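Student:
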Amino acid sequence: MAESSTTSPPPATKSWADQADEETIPSPSSTAETPTLNVDGLTIDEDKKSSAKFLDDPDDSNIQAVTSGDTPYTSAATFEELSLSAELLKGLYVEMKFQKPSKIQAVSLPMILNPPNRDLIAQAHNGSGKTTCFVLGMLSRVDPTLQAPQALCICPTRELAIQNIEVLRKMGKYTGISSECAVPMDRRDSIPISKRSPIMAQIVIGTPGTIKNLMTYKKLGVTKLKILVFDEADQMLAEDGFKDDSLRIMKEIEKLNSNCQVLLFSATFNDVVKSFVTRIVEKKEHNKLFVKKEELSLDAVKQYKVCVPDELAKIEVIKSYIFEIGENVGQTIIFVRTRNSAKMLHKALVDLGYEVTSIQGALEHDERDKIVKEFKDGLTQVLISTDVLARGFDQQQVNLVINYDLPLKYAAEYTRGRELEPDYEVYLHRVGRAGRFGRKGAVFNLICDERDERLMSKIENHFGTHVTEVRERSVEDYKAALKEAGLLI
DNA sequence: GCTGTGT
84 MAESSTTSPP
94 PATKSWADQA
104 DEETIPSPSS
114 TAETPTLNVD
124 GLTIDEDKKS
134 SAKFLDDPDD
144 SNIQAVTSGD
154 TPYTSAATFE
164 ELSLSAELLK
174 GLYVEMKFQK
184 PSKIQAVSLP
194 MILNPPNRDL
204 IAQAHNGSGK
214 TTCFVLGMLS
224 RVDPTLQAPQ
234 ALCICPTREL
244 AIQNIEVLRK
254 MGKYTGISSE
264 CAVPMDRRDS
274 IPISKRSPIM
284 AQIVIGTPGT
294 IKNLMTYKKL
304 GVTKLKILVF
314 DEADQMLAED
324 GFKDDSLRIM
334 KEIEKLNSNC
344 QVLLFSATFN
354 DVVKSFVTRI
364 VEKKEHNKLF
374 VKKEELSLDA
384 VKQYKVCVPD
394 ELAKIEVIKS
404 YIFEIGENVG
414 QTIIFVRTRN
424 SAKMLHKALV
434 DLGYEVTSIQ
444 GALEHDERDK
454 IVKEFKDGLT
464 QVLISTDVLA
474 RGFDQQQVNL
484 VINYDLPLKY
494 AAEYTRGREL
504 EPDYEVYLHR
514 VGRAGRFGRK
524 GAVFNLICDE
534 RDERLMSKIE
544 NHFGTHVTEV
554 RERSVEDYKA
564 ALKEAGLLI
């Protein structure tokens, strides 16, 4: 196909080429083949004049784009510019109630949808609408007349896979496109994989183990796949994460299908994962969208720390202060480091008469589903969770996050005789559960010894932010904190 | 530590 056919209609907004003329970031990788473009300020002019802000468009996002080849990409100011089907547009407007693309959507969707449909690594802030990017990508690249798996998305947890398929079904409601969620089933009603029928659904979203299994048993054909998505891609490709599974799935698909577009999406890519991820797609021409790490910490979420003498005092702080004031500010997630602390804290708070629920990976699958559903339906106000919900979990009513424990990095490279490091990525993802789509939010970090202090200050240094200390003397102090965060008047 | 299969 001629290269000219890849060009979009006359640009209604500034094109990538225009931007390149204005400001080109010098970079070692910036060659003729890989122009580096600073796309900050890609927002449409009308937008800047208008005081009305779109909730899904955090205004300070500074996305750095590196495009491969000379294909010009024009940021999409409207969904109409993306040549989507009428059925898909109806889903976006009627079901999703979207008005226009958020910044990451405006920039990434033309790259995803337009030939030559290059591979893409995309980083964007928590709650900025990444899911819409790849869900829309999958829905619009599928041939509705072909009844076979054409799009595959792999996620780190069953909760995320379920959430993503729900978004996909809502957005694709009028398209008639079929989908299947491939996650582990309950032991009771699961049939042996060898006896199940092959997957016919056009879009499949699932977790690594189940996907790998389906492929091993030839129940998931990949020859018709046009698009392969890794959600939370940094975790999916981390040594400590799902690297082996992900690479095996990728290689298996490559072997049978040379024409499959790969999309890697996450809010975080640490340097180690970033260089590895880049090497994966380096063979082919690909596009990259990255955000500076200083730009990542959500300004919308106010961060606090509370210093207490011991573990018992943490429960006291939650009980006497946070629950006293938290009720009026929406839902709360309390993150803990271990399954056992989830259980213990749950019991302690229930014994004190509070209505809380908890979730962790050791629970039965249907129990996990039930607890998430109750929380999403607003039937429960406070949810205790391990990092099973740290990433991607989207519940817009969550305004308060409590870090009962700070997240730790356990990778061998960090633990060998070295001081413990915080897991910066997990911290950012946890905080990102509050303040969805630019809403206000607050996080309270419960600190109880010198180790915690060091972890906390490392986190502050890493993100270049100040975490204000709250003196645990009175409810008034906490109220003031929430007022400052914009959660109380 | 946490997450991710099914036999």
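Each step along the first sequence adds one to the number in the working numbering, with nothing skipped, and position 270 is 353. C-beta atoms are modelled at their ideal positions from N, C-alpha and C, and glycine is treated no differently. In this text the structure is predicted, and so the values were computed from the model without any measurement.
What's the call for H208, buried or exposed, on a 16-neighbour Cβ count within 10 Å?
Tutor: Here residue 208 corresponds to residue number 125 of the first sequence, with the count starting at 1. Counting Cβ neighbours within 10 Å, H208 comes out buried, since at least 16 surround it.
Student: In angstroms, rounded to a whole number, what distance separates the CA positions of K385 and T299?
Tutor: Translated into positions along the first sequence, residue 385 becomes position 302. Translated into positions along the first sequence, residue 299 becomes position 216. Approximately 47 Å, taken between the alpha carbons.
Student: Assign G547 to one of two classes, buried (16 or more other C-beta atoms within 10 Å of its C-beta) or exposed (fewer than that).
Tutor: Taking the first residue of the first sequence as position 1, residue 547 is located at position 464. It counts as exposed.
Student: Terminal residues of the continuous beta strand (DSSP E) containing A405?
Tutor: Translated into the one-based positions of the first sequence, residue 405 becomes position 322. Here residue 405 turns out to be Ile, not Ala, going by the sequence shown. Premise fails: I405 is in no beta strand (DSSP E) and is neither H nor E.
Student: When the Cα atoms are used, what is the spatial distance from M333 to A383?
Tutor: Translated into positions along the first sequence, residue 333 becomes position 250. Translated into positions along the first sequence, residue 383 becomes position 300. Going from the Cα of M333 to the Cα of A383 covers about 37 Å.
Student: Terminal residues of the continuous alpha helix (DSSP H) containing V250?
Tutor: Start at 1 with the first residue of the first sequence, and residue 250 comes out as number 167. Start and end: R241 to M254.
Student: Counting only runs of 4+ residues fully inside the segment 487-560, write out the alpha helix (DSSP H) ranges in chain order.
Tutor: Taking only runs of at least 4 residues, the alpha helix (DSSP H) segments lying wholly in the segment 487-560 are 495-498, 507-514 and 533-546.
Student: Could you tell me whether the Cβ atoms of N340 and V389 are closer together than 7 Å?
Tutor: In the first sequence, residue 340 corresponds to position 257, counting from 1. In the first sequence, residue 389 corresponds to position 306, counting from 1. The answer is no: Cβ separation not under 7 Å.
Student: If I measure Cβ to Cβ from S112 and keep anything under 6 Å in the same chain, skipping five residues before and after, which residues do I get?
Tutor: As a position in the first sequence, residue 112 is number 29, starting the count at 1. Unreliable positioning characterises S112 in this predicted model, as indicated by a pLDDT of 37, which lies under 50. A coordinate reading is not provided.
Student: Could you tell me which of L483, G436, L428 and F476 sits nearest to G409, measuring between CA atoms?
Tutor: As a position in the first sequence, residue 409 is number 326, starting the count at 1. Measuring from the Cα of G409, the nearest candidate turns out to be L483.
Student: What are the boundary residues of the beta strand (DSSP E) that C264 is part of?
Tutor: Residue 264 sits at position 181 when you count from the first residue of the first sequence. Run containing C264: S262 to A265, per the beta strand (DSSP E) assignment.
Student: Taking its Cβ as the centre, do 16 or more other Cβ atoms sit within 10 Å of A115, making it buried, or is it exposed?
Tutor: The residue given as residue 115 occupies position 32 in the first sequence. Note that A115 scores 35 on pLDDT, short of 50, meaning its location in the model is unreliable; the coordinates nonetheless yield the value given after this. With fewer than 16 Cβ atoms within 10 Å of its Cβ, A115 is classed as exposed.
Student: Go to S441, then tell me how far its beta strand (DSSP E) extends in each direction, as first and last residue.
Tutor: Numbered from 1 along the first sequence, position 358 holds the residue referred to as residue 441. Looking at the DSSP string, the run of the beta strand (DSSP E) that includes S441 is V439 to I442.
Student: Please report the Cβ distance between A473 and V509, rounded to the nearest whole angstrom; I am assuming they are in contact, meaning their Cβ atoms lie under 8 Å.
Tutor: Reading the first sequence from its first residue, position 390 is the one you call residue 473. Reading the first sequence from its first residue, position 426 is the one you call residue 509. That belief holds up - the Cβ atoms of A473 and V509 are roughly 5 Å apart, short of 8 Å.
Student: Of the residues V364, D393 and Q206, which one's Cα is nearest the Cα of D532?
Tutor: Here residue 532 refers to the residue found at position 449 of the first sequence. The candidate whose alpha carbon is nearest that of D532 is D393.
Student: Taking Cβ to Cβ, would you say L171 is nearer than 7 Å to T258?
Tutor: The residue you call residue 171 lines up with position 88 of the first sequence. The residue you call residue 258 lines up with position 175 of the first sequence. Going by C-beta atoms, L171 is nearer than 7 Å to T258.
Student: Let's see if you can read the secondary structure: which residues bound the beta strand (DSSP E) around F348?
Tutor: By 1-based counting over the first sequence, the position of residue 348 is 265. Unbroken beta strand (DSSP E) run through F348: Q344 to S349.
Student: Considering just the uninterrupted stretch of the beta strand (DSSP E) at K371, what are its terminal residues?
Tutor: Reading the first sequence from its first residue, position 288 is the one you call residue 371. For K371, the enclosing beta strand (DSSP E) has its first and last residue at H369 to V374.
Student: Could you tell me the alpha carbon to alpha carbon distance between F359 and E322, rounded to whole angstroms?
Tutor: Here residue 359 refers to the residue found at position 276 of the first sequence. Here residue 322 refers to the residue found at position 239 of the first sequence. Each residue's alpha carbon lies about 10 Å from the other.
Student: Based on the DSSP output, what are the partners of S158 in its beta bridges?
Tutor: The residue labelled residue 158 in the question sits at position 75 within the first sequence. According to DSSP, which records beta bridges pairwise, S158 is partnered with nothing at all.
Student: When burial is assigned at 16 or more other CB atoms within 10 Å of the CB, is D140 buried or exposed?
Tutor: The sequence position of residue 140 within the first sequence is 57, counting from 1. With a pLDDT of 42 at D140, under the threshold of 50, the predicted position of this residue should be treated as unreliable, and no value is reported.
Student: Expressed to the nearest angstrom, what Euclidean distance is found between the alpha-carbon atoms of A189 and F181?
Tutor: On the first sequence, residue 189 is found 106 positions in, with the first residue counted as 1. On the first sequence, residue 181 is found 98 positions in, with the first residue counted as 1. Cα to Cα, A189 sits roughly 13 Å from F181.
Student: Are the CB atoms of S349 and A316 within a distance shorter than 7 Å?
Tutor: For the purposes of this step, residue 316 is taken as residue 233 along the first sequence, with counting starting at 1. For the purposes of this step, residue 349 is taken as residue 266 along the first sequence, with counting starting at 1. Yes, Cβ-Cβ distance for A316 and S349 is below 7 Å.
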